[in-house]
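A.B. asks:
Protein chains: 4
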Amino acid sequence: MKTVTIHAAGDLRIDDHREETPGEKQVEIAVAAGGICGSDLHYYRHGGFGVVRLREPMILGHEVSGVVQTVGSGVSAVRAGDLVAINPSRPCGDCDYCQRGLQNHCRNMLFYGSAMRFPHVQGAFRERLIVEESQCFALPAGTSIHEAAFAEPFAVALHAVSQAGPLIARRALVTGCGPIGALVIVAARFHGAMEIVATDVVDEALEKAIRVGADRAINVAREPEAMAEYAAGKGSFDVMFEASGNEAALRSGLDALRPRGILVQLGLGGEVTIPQNLIVAKELNIRGSFRFHEEFALAAALIGQRRVDLRPLLTHTLPLSDAKEAFDLAGDRKRAMKVQLLFGGDREAFPHRPDA
Amino acid sequence: MKTVTIHAAGDLRIDDHREETPGEKQVEIAVAAGGICGSDLHYYRHGGFGVVRLREPMILGHEVSGVVQTVGSGVSAVRAGDLVAINPSRPCGDCDYCQRGLQNHCRNMLFYGSAMRFPHVQGAFRERLIVEESQCFALPAGTSIHEAAFAEPFAVALHAVSQAGPLIARRALVTGCGPIGALVIVAARFHGAMEIVATDVVDEALEKAIRVGADRAINVAREPEAMAEYAAGKGSFDVMFEASGNEAALRSGLDALRPRGILVQLGLGGEVTIPQNLIVAKELNIRGSFRFHEEFALAAALIGQRRVDLRPLLTHTLPLSDAKEAFDLAGDRKRAMKVQLLFGGDREAFPHRPDA
Amino acid sequence: MKTVTIHAAGDLRIDDHREETPGEKQVEIAVAAGGICGSDLHYYRHGGFGVVRLREPMILGHEVSGVVQTVGSGVSAVRAGDLVAINPSRPCGDCDYCQRGLQNHCRNMLFYGSAMRFPHVQGAFRERLIVEESQCFALPAGTSIHEAAFAEPFAVALHAVSQAGPLIARRALVTGCGPIGALVIVAARFHGAMEIVATDVVDEALEKAIRVGADRAINVAREPEAMAEYAAGKGSFDVMFEASGNEAALRSGLDALRPRGILVQLGLGGEVTIPQNLIVAKELNIRGSFRFHEEFALAAALIGQRRVDLRPLLTHTLPLSDAKEAFDLAGDRKRAMKVQLLFGGDREAFPHRPDA
Amino acid sequence: MKTVTIHAAGDLRIDDHREETPGEKQVEIAVAAGGICGSDLHYYRHGGFGVVRLREPMILGHEVSGVVQTVGSGVSAVRAGDLVAINPSRPCGDCDYCQRGLQNHCRNMLFYGSAMRFPHVQGAFRERLIVEESQCFALPAGTSIHEAAFAEPFAVALHAVSQAGPLIARRALVTGCGPIGALVIVAARFHGAMEIVATDVVDEALEKAIRVGADRAINVAREPEAMAEYAAGKGSFDVMFEASGNEAALRSGLDALRPRGILVQLGLGGEVTIPQNLIVAKELNIRGSFRFHEEFALAAALIGQRRVDLRPLLTHTLPLSDAKEAFDLAGDRKRAMKVQLLFGGDREAFPHRPDA
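Residue numbers (the working numbering), protein chains in the order written: chain A, 216 to 571; chain B, 216 to 571; chain C, 216 to 571; chain D, 216 to 571.
(1) Could you tell me whether any Cβ in chain B is nearer than 8 Å to the Cβ of R315 of chain C?
(2) Can you give me the start and stop residues for the beta strand (DSSP E) that N500 of chain D sits inside?
(3) In three-state terms, what does DSSP make of I244 of chain A?
(4) G581 of chain D lies in the alpha helix (DSSP H); which residues open and close that run?
(5) Kindly indicate which three-state DSSP category P355 of chain A falls into: helix, strand or coil?
(6) Are V293 of chain C and V282 of chain C closer than 8 Å when you measure CB to CB?
(7) Starting from the C-beta of F326 of chain A, find all residues in its chain whose C-beta is less than 8 Å away, skip the five residues before and the five after it, and write them out in chain order.
(8) Going by CA-CA distance only, name the one from A:Q314, A:R526 and A:K549 that's closest to A364 of chain A.
(9) For E243 of chain C, count the other beta carbons within 10 Å of its own beta carbon; 16 or more makes it buried, fewer makes it exposed. Which is it?
(10) In angstroms, rounded to a whole number, what distance separates the CA positions of N500 of chain A and E509 of chain B?
(11) Within its chain, find whatever has a CB closer than 7 Å to the CB of G428 of chain D; leave out the 5 residues flanking it on each side and keep chain order.
(12) Looking only at C-alpha atoms, which of C:C307, C:Q314 and C:I301 sits nearest to C307 of chain B?
(13) Can you pull the chain D residues whose beta carbon is under 8 Å from the beta carbon of G407 of chain B, in chain order?
(14) Using three-state DSSP, classify V401 of chain C as helix, strand or coil.
(15) For the segment 287 to 356 of chain D, which segments carrying the beta strand (DSSP E) assignment without a break, of at least 3 residues, lie completely within its bounds, in sequence order?
(16) Just curious, the beta strand (DSSP E) that H406 of chain D is in, first and last residue?
(17) Say whether chain C places a C-beta atom closer than 8 Å to the C-beta of N302 of chain D.
(18) Does DSSP classify P534 of chain D as helix, strand or coil?
(19) Measuring only between beta-carbons, confirm whether G308 of chain A sits less than 8 Å from chain D.
(20) How many angstroms separate the CA atom of D226 of chain A from the CA atom of R233 of chain A?
(21) Per DSSP, which one or two residues make a beta bridge with N492 of chain C?
(22) Going by the DSSP bridge assignment, what does S377 of chain B pair with across the sheet?
(23) To the nearest angstrom, report how far apart R268 of chain C and G396 of chain C are at their CA atoms.
(24) Which of the three DSSP states, helix, strand or coil, is assigned to D561 of chain D?
(25) Which one or two residues does DSSP pair with L528 of chain C in a beta bridge?
(26) Note down, in chain order, each residue of its chain lying with its Cβ closer than 6 Å to the Cβ of R431 of chain D, except the 5 sequence neighbours on either side.
(27) Within the 8 Å Cβ cut-off, does P237 of chain B reach chain A?
(28) Below 7 Å CB to CB, which residues in the same chain sit around N434 of chain B once its five sequence neighbours on both sides are set aside?
(29) Could you tell me which chain B residues have their CB closer than 9 Å to the CB of P381 of chain D, listed as they occur along the chain?
(30) For H232 of chain C, report the span of its alpha helix (DSSP H) as first-last.
(31) Short of 8 Å in beta carbon distance, which residues of its chain neighbour A538 of chain D, apart from the five on each side in sequence? Order them along the chain.
(32) Whose CA, out of A:G485, A:V479 and A:I274, lies closest to the CA of L373 of chain A?
(33) Between the C-alpha atoms of I383 of chain D and R473 of chain D, what's the straight-line distance to the nearest angstrom?
(34) Going by DSSP, name the residue or residues bridged to G281 of chain B.
(35) Under the three-state reduction of DSSP, which class applies to G428 of chain C: helix, strand or coil?
(36) My output table needs one value for E422 of chain B: the three-state DSSP class, helix, strand or coil.
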């Protein structure tokens, strides 16, 4: 079968890989759609990020949907023909973090397409995938393979929003409107936020932000003074979701937060300088948010019940054979929001047609 | 009456000030002891800090005890002769923050000896002081004027520790062992912390840290590698109290915190650079802590009941007339921990003798 | 002007009352619509409830909307012609509970139409009403007087739901589908509950429950065994809202709650017997919910923005002159859900037409 | 080896039982001391409690200390000669509750000496015991076998107190001063409670309550009016720990709790009648507390470090051969607080002498 494998920065290949057979509690998946994530792009462009570097070829991808082909004898939750969202996160369940319900901090985490460990954990951009039954979340008829492939990044957004505490009656700022920032807007609206202001430097991203629920979109490159009104008094926002990794966005947000305001950090931007005195005087609260755990099931359920509509965020679908073009496109924020690769899983097995 | 008044950076004077008469719900205090705080030192050395600058002469001081002289006709909580700790914080009670129980963020706060507002709020380093009844917290016989003057900085420490959530069974790191850091150690022990590690660059401060309850004291100037053991695995500490304002202390602490660890920031150090990726990957939580509200009553009660013993932290007491020497001493971390001025309140009125 | 005044159990009269003039920060309201609440019915039927008994004639009513007529010289938030929802809750702002943000437990609460204090606090079922500016919440054009009069009971429901902690991804049981139970369903849906099961003994109430968002409605009188499936294993529901005051509903809900499940009690049912061993073994959590505070503003905003649609719950509107009939109707659960009295406020002043 | 086995209500026997050999990760313990708990007494007197009934002979006991004899080849945490407290709780680690950190609600819990499951889980009142390494908590030299055997009931108390939220600056009421109530007093003091009032109907129990940290002890049988002062206003206590299972104690406590007060229920008293209107009007919060999980390690650590002193609560130690007398004594509240059986473990192996 074919895979999308990164060999080094810039060296993305369609490789062949042997097929495997599912064990008793395992499921064989024909992969259907796979979203390209920011971390995939980092491996593609830079060969890694921070201290995480490629040391061997690695199949990319962790945002995939697929169609169940065969199931092991002990599997009861799904059956052949089911459209499923695949949870790429496989915590050990035994370590101290897992036993305290903090599985996203598992000491022995296996996460698809990640070079954090060595040997690297191979990813899900491949035609066939063997997964544990517990990784499969079946979606109802009427859900597309594309929506299903949003379960993973939407779980990231739901996890981040849940870090902020209740959003009911709260005013929220979202800085950075790439796919994750946009999904945070959807999640914050679902969590009951009263008002959502979104900022970015790309108009096309801000248009999507409005489309999925932001009340106001500010292009801080063209309107550098627009945030000042929110910083008046002691500040305006109860919570802030920083999804840009940009220091200027972070700092203008700190000014605009109210005393006891909460900043949830998702964006990965390296070293940032912050004003310690402001953190102290306003008793601001900065919280990192990393991946997800129980939010994957929630994401799949909300998508399947169409309580949220993520379809506006999908801008392009390309076949596996055009993976390189897809990756280049995914890095162009003026043209693309979410780009998905098509692995053929649906063509042979299940009538989930792309809706774009 | 005499006051300790700052006119400009370096220009500290013993000025004369007219006396006042208490109103119906007010109390006249003969000030007894007054601790010199870091912010007093900032005015003395630099004429302010950050954007807060002296614009007119200001009486310093907000850590004072005193003896009740006369009371207004409507006062029932205290009476002449009582030793009291004076709460220097006077929130308005009416603004939206006060009405939500966040009085330390009052929009109209009057806090003794602060140049945040103009005209500045005059402080409590003076022989006589008129206060509201609600600012007075009577202490039982057996409490010294010196312990009483610790109620304010101890309230700061208690507030900070309460921001960290439950400390029972938790391991805590305290970076910076000046008076506030040392009081945080006392407060963290009272809150039930299982283990407390303290760091500083001054041995004399670390000796005090051990004296008041730290389990281990590390001089990070002499043992720069000592913190590395705590950073192993995913980190060791559940909570960290940053009381140095020092960037290196902050960063080594972030490495030593466990996933979901909480850093309470008290120290005021200006701009600091932090690794955003670490905040995200470990889901660290940084919380500013600013002053106090209900913790003042708690501090006075714990001191009065001798559930905590803060006396080891007092290193010097000097008469009002030696204020300049006292300020210079308070800035010398090798010689002094807490330096208190004596205003004579107890000599004429009440037998609370210094215990040092 | 005319008022709806209760003189004793069963003795409801249309009385005349002198008009008043607004003070500087006050507003004169032409009352438009007023919903009849369960506590109004208790005064009408029984002359009170529990230890709260009528000791003098009292104007009833606390769920009213109206149109601003004149405003005091210091009023800026509303102006003549505005449709407003009136907050009937007037905490003192000064007591210890108010200063901790627990205004619904104010020691000096004045709440419209309540006999808890003596003299009783007169209510809002009257043609003209003088209120504080802070009690007025203006609603946008397009909102009806009827929706505006739902702000108060919806605030009760929002407060109750907020007591349960986050509802995202949670399964909820609502026992009792009178107006409050039905509004709890709307509030729980807004708070993101994944699944809502409603129970009652009246089919007409259960139809409304489904109409406003319940996923399943169970008539426990006709299907006494239906709840058993939810009690299997260790129980099924994460949270429960008890709005019936009925002991059997409470007990069947305790069986159906999961370990650490939360029961929010709103219904007022007198003495109830509960199984202490079950509370302990499942570590269940029972929380009373009483009135509201900040939720009034939220209720008005959600109604005004039509983020919730409460119109299906209004079943009858009757003129002030038919108050007695309206009260009898409000007590008949087979015929009525919410019954509102019309006080004429909109006819002369503002084009908010009833939508029923 | 000999065991203390219950065959039916009143039929307690010293039986013989075959010895076992430890597996790779297991430890062989010579049991030293074993405290008799209320549930042991229930089996002895009534053959069970509630729906939990004896259906086969069962070795009793779950509060034991012992001395390590031999260890399996994979054991590293303890070694021969160590005095250990034995955690009788063995959650599966895999079920949904375990994976959320709620191991005390494990769906497959094995807890020593419990008839909840069938076959029953045999207990620890025996001369030799094979345990998992993870059940062993080594205690430092200087700790007695008697203190070590308090780890389990003290863990119950610590778990209960942690359910109440922060106790710093809070006033607490403890109703029922048997061993669990008395240990709750110790735990609440350790958690920083400002004031603790204890009630019971037995003077001897109240004397112990004062001895271990209560500020005031009230015999509600002799002073039935004493609680009324605490019910004045809106009530006095922030938290209440109900350890009697007595309905009158529960009700007088509800009156004495303040609005938003928290009642943690530990006592098992069957059906109790509560005033629903009071729960609602004061927004009281009733929380069950069941066993413990991470608190066992904490209990062992606090005992080992002598941060708490539980020795005053031990009133009697009797040899295994006098088990029946020990059980009768444990049920006599006027004579006994905690009664421990001696299994001989220390005589042959380790010099931990009883301190009574």
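Cβ coordinates follow ideal geometry from the N, Cα and C atoms, glycine included.
From a predicted model like this one, the values you see are computed outputs, not experimental measurements.
C.D. replies: If we stick to the structure as given:
(1) Closer than 8 Å: yes.
(2) Segment N500 to G503, the beta strand (DSSP E) holding N500 of chain D.
(3) Correct three-state label for I244 of chain A: strand.
(4) This structure cannot speak to residue 581 of chain D, because chain D is shown only from 216 to 571.
(5) Reduced to three states, the DSSP call for P355 of chain A is coil.
(6) With a cutoff of 8 Å on beta-carbon distance, V293 of chain C and V282 of chain C are scored as not near each other.
(7) Take F326 of chain A, set aside five residues on each side of it, and the residues of its chain with a beta-carbon closer than 8 Å to its own are H277, P303, S304, R305, V336 and R506, in chain order.
(8) Nearest of A:Q314, A:R526 and A:K549 to A364 of chain A, Cα basis: A:R526.
(9) E243 of chain C should be labelled buried.
(10) Rounded to whole angstroms, N500 of chain A to E509 of chain B spans 20 Å at the Cα level.
(11) Here the set comprises I400, V401, R404 and I411.
(12) Taking each of C:C307, C:Q314 and C:I301 in turn and checking the Cα distance to C307 of chain B, the smallest one comes out for C:Q314.
(13) Correct list: F405, H406 and G407.
(14) Three-state DSSP puts V401 of chain C in a helix.
(15) Counting only runs of 3 or more, we get 298 to 301, 343 to 347 and 351 to 353.
(16) For H406 of chain D, no beta strand (DSSP E) encloses it, and the DSSP letter there is neither H nor E.
(17) N302 of chain D is outside the set of residues whose beta carbon lies under 8 Å from a beta carbon in chain C.
(18) Three-state DSSP puts P534 of chain D in a strand.
(19) Using beta-carbon distances, G308 of chain A counts as an interface residue toward chain D, with a partner under 8 Å.
(20) Near 21 Å, if we compare the C-alpha coordinates of R233 of chain A and D226 of chain A.
(21) As far as DSSP is concerned, N492 of chain C takes part in no beta bridge.
(22) When DSSP reads this structure, S377 of chain B sits in no beta bridge, so it has no partner.
(23) R268 of chain C and G396 of chain C have their C-alpha atoms some 25 Å from each other.
(24) D561 of chain D falls in the helix class under three-state DSSP.
(25) Beta-bridge pairing links L528 of chain C to no other residue.
(26) Non-local C-beta neighbours of R431 of chain D in its own chain, meaning closer than 6 Å and more than five positions away in sequence, comprise V412, ordered along the chain.
(27) Taking Cβ atoms only, chain A never reaches closer than 8 Å to P237 of chain B, which makes this a no.
(28) Closer than 7 Å at the Cβ level, and outside the excluded window around N434 of chain B, lie D415, V416, D418 and L421.
(29) Below the 9 Å Cβ cutoff, chain B contributes S377, G380, P381 and H406 as neighbours of P381 of chain D, in chain order.
(30) H232 of chain C -> no alpha helix (DSSP H), and no H or E assigned at all.
(31) Only V219, L227, I229, F340 and L556 meet the Cβ criterion.
(32) Of A:G485, A:V479 and A:I274, the residue nearest in Cα terms is A:V479.
(33) Approximately 16 Å, taken between the alpha carbons.
(34) Note: G281 of chain B sits in a beta bridge opposite B:V246 and B:V299.
(35) Coil.
(36) The three-state reading of DSSP puts E422 of chain B in helix, counting H, G and I together.
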